[in-house]
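Residue numbers (this note's numbering): 20 to 294.
Note that the Cβ used here is the ideal one computed from N, Cα and C, for glycine as well.
Remember, predicted model here, so these are calculated numbers, not experimental data.
To start, the structure itself, in structure tokens.
Structure (structure tokens):
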């Protein structure tokens, strides 16, 4: 695929992903796909409570950053006036990246996998009419899978950020490091949400990662919205999880429509985007 075509597809997917959140919020309000989740009552209470604690820690990091950032920016401004040091935008992005770059976001997804699992399957059933396996055994499998996906995402995110930062430094675009790191993190968050959709169709984790690369722009869009919602006090982690699961499912139903595999056949490979 030529660079221009890839760029077009990426931007198109990004826009579809962002617009898809409008549809996702309407869907949440109209269909309430979280209904029925209390069948996993103890898991919801235990994992939801842990996710809430992680969300509060996540928020405390942001509050600490907002308290320290103005002083650091003022000090950096004084240094910049003397002709020394980094530019102000670089300082702001590097400080914010420190807040964003910890592993809290993946812990939230692990602890709230019960919500992602249930809402993804409910959305699929309501939109397509297909029946999915929503048993407790299926949830345990999905939970273990989310742990592995989150770990792979965290490692992949860290390695990608290092390589991209090195490349940007080489071409004298170091001031873009923070922005690039942010979007890389958003991609991997989107991947974690989209993996729940791909899991329903029988994909292995490796196959899911390959399919998500084909819709990288949409993955970034899902991650961007979920990332910012996580910073809302108390309800942020739940709202991010609900909207992320629904938006990822609705967008993939449009970009990668598929059918459930039969018991004797492998999962159908989705058509390439644009074909």
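- DSSP places residue 196 in the uninterrupted alpha helix (DSSP H) bounded by 196 to 219.
- Separation of the CB atoms of residue 54 and residue 236 is rounded to 31 angstroms, and the pair is thereby denied contact status at 8 angstroms.
- When secondary structure is reduced to three states using DSSP, residue 149 falls in the coil class, being assigned neither helix nor strand.
- Counting along the chain, residue 36 sits inside the alpha helix (DSSP H) bounded by residues 22 to 50.
- Comparing alpha-carbon positions, the option among 79, 166 and 260 lying closest to residue 138 turns out to be 260.
- Taking residue 146 as the centre and dropping the five residues before and after it, the same chain places the C-beta of 268, 269 and 272 closer than 8 angstroms to its C-beta, in chain order.
- Counting every other CB atom within 10 Å of its CB across the protein chains shown gives residue 34 a total below 16, marking it as exposed.
- Between residue 263 and residue 212, the CB-CB gap stays under 8 angstroms.
- Distance from the CA of residue 48 to the CA of residue 192, rounded to the nearest whole angstrom, comes to 43 angstroms.
- A residue is called buried once 16 or more other Cβ atoms fall within 10 Å of its Cβ, and residue 232, having fewer, is exposed.
- Nearest to residue 26 by alpha-carbon distance, out of 234, 128 and 247, is 234.
- With distances taken between CA atoms, residue 46 lies nearest to 265 out of 265, 275, 276 and 279.
- Between the beta-carbon of residue 214 and that of residue 223 there is about 10 angstroms, and that puts the pair past the 8 angstroms contact cut.
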